[in-house]
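Okay, structure first, notes after.
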Amino acid sequence: MILRRGALKGMKRVQPVLTVNCSSVGFFLCFFCSFHSSSSSSPPVSGSRVLTCNSKDRDALVGFSKGLDSGVPGWPRNASSNCCRWPGVHCATAAASSSRNTSVRGSRVVGLELGRKGLKGALRGEPLLGLDELTTLNLSQNSLVGVVPVQLLQLRQLEVLDLSKNFFFGAVSGDIGNLSALRHLDISFNSFSGPVPASLSSCSMLASLDLRGNSLSGGIPADLFRLRQLGVLYLSGNNFTGELSDGVGNLSALRHLEISFNNFSGPIPDAFRGLRELRTFAARHNGFTGGLPASLSSCSTLTSLDLGENSLSEEIRLFDFTGLVRLRTLRLDSNRFVGRIPGNLSSCTGLEWLTLAKSGLHGEIPSSFRDLRALSILSLSNASNVSGALAILSECRNLTVLVLRSSFLNESMPSDGIRGFERLKALAVANCGLSGSIPSWLKACAGLRLLDLSSNRLGGEVPPWLGNLVHLFYLDLSNNLLGGGLPNALARLYCPTSRNCTQADVSSLLEWRQNRGGLVVEYTRFSSVLPTLDLSNNMMNGPILTGFGDLTQLSVLDLSNNNFSGPIPEQLSNMSRLEFLDLSHNNLSGSIPDSLVRLTFLSGFSVAYNHLRGRVPTGGQFATFPCSSFEGNSDQWGEPLLSMYCPVVTPSVNGTEMEGFKITFMPLPYGIGVVIGFIPTVVICRFYPRCLRRKKEDRRE
């Protein structure tokens with residue numbers, strides 16, 4: 149997966165793209181479900197008596213609501229009503245609360261569940277002081293801004309504080325250490341900055357700490373590793389630096405450790421032997437060096453290990469994978485390991501997701517991989533022996549995603565005789581230099597959604613049976629040696645023609661890069677991959693299919709750098725979802741259909757270097773395309789070519805030229821504008837030198 153740091157920080161209000169293990173999600177669900185099981189939306193009842201809040205708490209809630217720009221939706225303006233009935237307010241009797249103030253009558257407010265309520269504005273601190281029995285405060289997923297008021301950090305009964313997915317900023321106050329009863333702290337996906345205060349270690353009851361998606365910096369305070377009850381530590385997506393302390397080994401209750409997308413460096417400490425409960429460890433996209441710490445092999449409860457995009461080295465075969473019997477996800481891609489793909493990975497028989505691409509590992513796929521019967525996603529590079537690899541992997545009957553980019557260099561793709569990939573949904577064997585033709589054994593992969601065979605040396609013609617793959621929405625055969633015409637079956641691809649076809653069921657995270665006119669588009673989920681047909685940089689010929697107009701859900705059509713001829717079909721204007729259309733570097737003739745201005749989603753367009761003539765359409769997206777979209781067609785003219793950024797290109801009169809100059813005509817309004825603009829230039833050029841000479845002569849005198 150390619151996930152950029154800037155993308156993480158720019159999406160403050162969006163569900164994080166980071167890999168989240170199901171067990172960590174379950175942890176939070178269990179906690180909040182247990183809380184809500186004791187507090188329903190109906191009026192709170194103690195025995196047969198309806199709970200009523202005391203006036204002190206009610207006044208505090210009224211002040212809290214008035215301090216927000218939005219107020220709290222659903223809360224009445226009548227301050228005399230029973231606040232224990234207000235949405236999101238949870239009360240407890242005096243006996244159930246920890247109140248020692250017997251003079252305060254009525255039930256106390258102990259919980260505020262105001263997540264996703266559309267709250268806007270800054271928090272006022274003073275009203276919060278009145279809620280001195282508050283144990284749970286959930287303000288997540290709102291539009292709250294500003295700094296966190298220090299008064300909030302004086303609510304010493306707080307056990308749960310969730311401020312995630314808002315727009316808070318500033319430093320995390322050292323007063324956070326006052327919350328000695330705090331068990332769960334979540335300030336993720338805000339704009340907090342500065343170091344993590346060492347006083348956080350005073351929250352000795354802390355079981356869950358989530359600081360993801362901020363701009364926190366510095367190192368992790370050493371005292372933080374004294375929190376022996378800490379089970380969840382999420383620090384991903386910040387600017388933390390330095391080495392990861394071996395003090396992490398003191399967190400004996402730790403179940404989930406995520407420190408991805410930071411600037412940590414140095415070796416990963418060999419301090420995991422005592423972490424008997426560890427289930428997930430993610431340290432992707434840092435600067436870690438050295439090898440895999442040997443103590444990780446003793447974490448028998450580990451289900452997910454993601455150390456991709458670092459500078460880890462040494463021989464991976466020295467690491468003992470046999471103890472990781474519960475491992476489901478292993479991602480070691482984009483590192484600097486040396487040696488061959490380790491065969492002892494097959495001891496992780498429950499492995500479902502294995503990513504070793506660009507890790508430095510190479511060689512043949514071990515025959516023991518056929519024992520990985522649960523394997524669903526495999527991404528490798530620098531592998532060899534394509535026939536042997538396919539024979540071994542065909543026995544992994546649950547394989548749905550297979551990425552073998554930059555492997556099998558200059559080998560020959562087996563055309564048939566391969567079976568066992570019936571469940572395959574995505575196949576990428578790109579940038580391998582494979583020769584041969586598009587393999588016919590792919591016919592049996594009826595569930596294929598994505599097929600990328602780009603940047604090889606595959607020849608022959610595009611087979612018509614590709615149109616029978618009814619779920620296919622992404623087909624990339626670019627940069628090959630394919631010839632012949634376009635088969636009519638390509639215009640019958642079901643997914644690009646039907647709104648009922650969805651690619652969202654393939655939600656696997658993968659790295660995916662494409663270059664569109666110099667702009668790199670990176671896909672992180674199949675559900676975000678644009679429906680695409682890319683046949684560019686081949687030797688195909690003949691006309692462009694009029695039936696392509698039926699591909700109404702297609703987003704990318706790239707037929708550039710071929711030998712296609714004939715006119716641009718009017719029917720392409722029916723491709724209402726098209727965002728990118730490249731027909732450049734062909735032998736197309738005629739004019740650009742005016743109807744293409746109806747393609748309102750079109751953001752990338754090129755018909756450069758063809759034999760097109762006539763007026764370029766005006767209006768719609770055509771007003772936004774650069775001159776390079778039309779260059780190389782000498783007989784085109786029109787408003788888009790008269791931009792200040794474009795050279796003047798106008799049609800010739802019957803193609804006649806006189807003494808090396810082409811006779812051209814310009815539309816009258818533009819011609820008048822050019823003449824008017826040219827007159828001052830002539831005047832200046834004519835008279836300015838005279839004035840300049842006079843001044844010089846006057847100075848001499």
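Note that the sequence shown covers residues 149 to 849 in our numbering. In this text, a Cβ means the ideal position worked out from N, Cα and C, and glycines have one as well.
Using the Cα positions of residue i and residue j, report the straight-line distance between them to the nearest angstrom.
i      : j      : result
ILE335 : SER448 : 31 Å
ASP897 : PRO275 : For the chain, the structure presents residues 149 to 849; residue 897 sits outside this window and is missing.
LEU572 : VAL549 : 6 Å
LEU327 : SER291 : 24 Å
GLU512 : SER554 : 13 Å
PRO828 : PHE728 : Note that PRO828 has pLDDT 45, beneath the 50 cutoff, so the model's placement of it is unreliable and no number is given.
SER347 : TRP501 : 39 Å
SER751 : ALA539 : 43 Å
ASN579 : SER560 : 13 Å
ASN533 : ASP600 : 19 Å
LYS214 : LEU381 : 35 Å
GLY498 : LEU383 : 28 Å
ASN689 : PRO717 : 15 Å
GLY361 : PRO235 : 29 Å
SER603 : LEU575 : 14 Å
GLY851 : VAL755 : As shown, the chain starts at 149 and ends at 849. That puts residue 851 outside it, with no answer to give.
If we count the other Cβ atoms within 10 Å of its Cβ and call it buried at 16 or more, is residue i buried or exposed?
i      : result
SER626 : buried
GLU570 : exposed
TRP223 : buried
ASN711 : exposed
TRP140 : For the chain, the structure presents residues 149 to 849; residue 140 sits outside this window and is missing.
LEU450 : buried
PHE120 : Given a span of 149 to 849 for the chain in the structure shown, any question on residue 120 remains unanswerable.
SER403 : First, the residue type needs correcting, since residue 403 is Arg and not Ser in the sequence shown. Burial call: buried.
GLU307 : buried
SER298 : Here residue 298 turns out to be Val, not Ser, going by the sequence shown. Looking at its Cβ environment, which holds fewer than 16 other Cβ atoms inside 10 Å, VAL298 is exposed.
LYS506 : buried
THR772 : exposed
GLY385 : buried
SER782 : exposed
SER352 : exposed
ALA639 : buried
Which first and last residues belong to the alpha helix (DSSP H) in which residue i is found?
i      : result
GLY211 : 203-214
LEU399 : LEU399 -> no alpha helix (DSSP H), and no H or E assigned at all.
ALA537 : 534-541
LEU276 : 273-277
From the DSSP output, which residues share a beta bridge with residue i?
i      : result
CYS239 : VAL257
TRP501 : THR477 and ILE525
LYS268 : SER291
GLU512 : SER532
THR284 : GLY259 and VAL308
ASN387 : SER365
ARG488 : HIS510
HIS759 : SER737
LEU785 : A small fix is needed here, since residue 785 is Trp in this sequence, not Leu. In the DSSP output, where bridge partners are listed per residue, TRP785 has ARG763.
GLU406 : TYR382 and ALA430
Is the separation between the beta-carbon of residue i and that of residue j shorter than 7 Å?
i      : j      : result
PHE467 : LEU440 : yes
PRO679 : PRO644 : yes
GLY456 : ARG479 : yes
ARG424 : SER461 : no
ASN202 : GLY254 : yes
VAL764 : PRO741 : no
LEU301 : ASP323 : yes
HIS433 : PHE412 : no
ASN735 : GLY697 : no
THR283 : VAL258 : yes
GLY536 : PRO514 : no
LEU444 : PHE420 : yes
CYS231 : LEU199 : no
PHE337 : LYS313 : yes
CYS496 : LEU523 : no
Strictly under 7 Å for the Cβ-Cβ distance: is residue i near chain D by that measure?
i      : result
SER203 : Judged by its chain identifiers, the structure shown contains no chain D, having just a single protein chain.
Over what stretch of residues does the beta strand (DSSP E) that includes residue i continue unbroken?
i      : result
TYR622 : 622-624
GLY738 : 735-738
LEU606 : 605-607
GLY584 : 583-585
ASP323 : Looking at the DSSP string, ASP323 is not in any beta strand (DSSP E), and its letter there is neither H nor E.
ALA576 : 574-576
ASN711 : 711-714
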